[in-house]
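> Dropping the structure in here first, questions after.
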Amino acid sequence: RPDRRTELIEATMTVLTEHGFEGLRTRRVAEQAGVNVATLHYYFSTKEELIRGLADYLAERFRTFHAPAPPVEGSLGLARLRQEFADAAFYWAKERKLLLVLQELVHRSRRCPAIGRILEPLLSEWRSGLEAMLREGREEGVFRPEISPYEGASLLAAAMMGLLGSPNLFEVVFRALERALVKPEVLARDRREKGGDGSDSSPSICSPTLPAAATVPGEG
1321 RPDRRTELIE ATMTVLTEHG FEGLRTRRVA EQAGVNVATL HYYFSTKEEL IRGLADYLAE
1381 RFRTFHAPAP PVEGSLGLAR LRQEFADAAF YWAKERKLLL VLQELVHRSR RCPAIGRILE
1441 PLLSEWRSGL EAMLREGREE GVFRPEISPY EGASLLAAAM MGLLGSPNLF EVVFRALERA
1501 LVKPEVLARD RREKGGDGSD SSPSICSPTL PAAATVPGEG
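Take any residue in the sequence shown, count from 1 to its spot, add 1320: that is its number in our numbering.
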């Protein structure tokens, strides 16, 4: 059974996905969690503290919860890039609420600097991880040298945040990002190693086990 803080965070996520940020009220969160408001305030004395706890929870989930790793048959850098794509599809299929809550908070942060400051560590950690992946992949000879790790990470982050709520576009956008970042000869070699003819007709890159637009049972 989750501890009380986790129960309150998960109740906050439910309220955010059902009512949006404008509908986020401590009384509503308490009712969702099955506790009184005094109990909620014992753990989170202000709404800002509650949102900070939520951001920490999201960061930990994104840090530890991943799609099954694609097989590494050649380039480690390409496999790591595809892991990012697979994770996005996996979250949408299995932990959709994580993405919907993140989307709600990011939208709110554009009008509320305090929310932006709370989210910054989470988003900065993600961007730093993308930069490190691209830097190491460029040293491996996988990624195009004319695109800096900072530029590539910015492109990936902006595209993937923009895709939230549009799972039907995952596959086409991920393929476009792959072509934009990876050297053509690396992609051609990857297709040949998988038994293709070098043309861009390989199976889904989003996940080895999940379709790009998979649905959560009971949600559509």
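Ideal Cβ placement from N, Cα and C applies to all residues, glycine included.
Among Glu1368, Tyr1363, Ala1399, whose alpha-carbon lies nearest the alpha-carbon of leucine 1344?
As a first step, residue 1344 must be located in the sequence shown, where it is residue number 24. With distances taken between Cα atoms, leucine 1344 lies closest to Glu1368.
> Please determine, among Asp1323, Ala1350, Ala1408, the residue with the shortest C-alpha to C-alpha distance to serine 1365.
Residue mapping note: residue 1365 aligns to position 45 of the sequence shown, counting from 1. It is Ala1350 whose Cα lies nearest to the Cα of serine 1365.
> Between which two residues does the alpha helix (DSSP H) containing phenylalanine 1382 stretch?
Counting from 1 along the sequence shown, the entry for residue 1382 is found at position 62. Start and end: 1367-1384.
> From this set, Ala1500, Glu1445, Glu1440, which residue's C-alpha is nearest proline 1465's C-alpha?
Within the sequence shown, residue 1465 is the residue found at index 145, counting from 1. Nearest option by C-alpha distance: Ala1500.
> Taking C-beta to C-beta, are alanine 1409 and alanine 1375 nearer than 8 Å?
The residue labelled residue 1409 in the question sits at position 89 within the sequence shown. The residue labelled residue 1375 in the question sits at position 55 within the sequence shown. No, the Cβ-Cβ distance between alanine 1409 and alanine 1375 is not below 8 Å.
> Going straight from the alpha carbon of glycine 1397 to that of leucine 1450, what length do you get?
As a position in the sequence shown, residue 1397 is number 77, starting the count at 1. As a position in the sequence shown, residue 1450 is number 130, starting the count at 1. Their Cα atoms are separated by approximately 11 Å.
> Using a Cβ-Cβ cut-off of 7 Å (strictly less than) and excluding sequence neighbours within five positions of phenylalanine 1341, which residues of its own chain qualify?
For the purposes of this step, residue 1341 is identified with residue 21 of the sequence shown, where counting begins at 1. Around phenylalanine 1341: Glu1424, Arg1428.
> Would you identify the three-state DSSP class for valine 1349, choosing helix, strand or coil?
Numbered from 1 along the sequence shown, position 29 holds the residue referred to as residue 1349. Helix, per DSSP.
> Which residues in the same chain as valine 1357 place their Cβ atom closer than 8 Å to its Cβ, once the five residues preceding and following it in sequence are excluded?
On the sequence shown, position 37 is the one that residue 1357 refers to. Result list for valine 1357: Thr1346, Arg1347, Ala1350, in chain order.
> Hey, glutamine 1403 and alanine 1389: beta-carbon distance below 8 Å or not?
Translated into positions along the sequence shown, residue 1403 becomes position 83. Translated into positions along the sequence shown, residue 1389 becomes position 69. Taking 8 Å as the Cβ cut-off, glutamine 1403 and alanine 1389 qualify as a contacting pair.
> Name, in chain order, the residues that DSSP records as bridge partners for phenylalanine 1463.
By 1-based counting over the sequence shown, the position of residue 1463 is 143. Paired residue(s): Val1502.
> Counting only runs of 4+ residues fully inside the region 1403-1451, write out the alpha helix (DSSP H) ranges in chain order.
With a minimum length of 4 residues, the continuous alpha helix (DSSP H) runs that stay inside the region 1403-1451 are 1416-1429.
> So for proline 1469, helix, strand or coil by DSSP?
As a first step, residue 1469 must be located in the sequence shown, where it is residue number 149. Note: proline 1469 maps to helix in three-state DSSP.
> Output the distance between the C-alpha atoms of glutamate 1393 and glutamate 1513, rounded to the nearest integer angstrom.
By 1-based counting over the sequence shown, the position of residue 1393 is 73. By 1-based counting over the sequence shown, the position of residue 1513 is 193. So the two alpha carbons sit approximately 8 Å from each other.
> Would you call the CB atoms of leucine 1483 and leucine 1418 closer than 8 Å?
Along the sequence shown, read from residue 1 onward, the residue named residue 1483 stands at position 163. Along the sequence shown, read from residue 1 onward, the residue named residue 1418 stands at position 98. For leucine 1483 and leucine 1418, no; Cβs fall outside 8 Å.
> Are phenylalanine 1463 and valine 1502 touching if we call contact CB-CB under 8 Å?
If you number the sequence shown from 1, residue 1463 lands on position 143. If you number the sequence shown from 1, residue 1502 lands on position 182. Yes.
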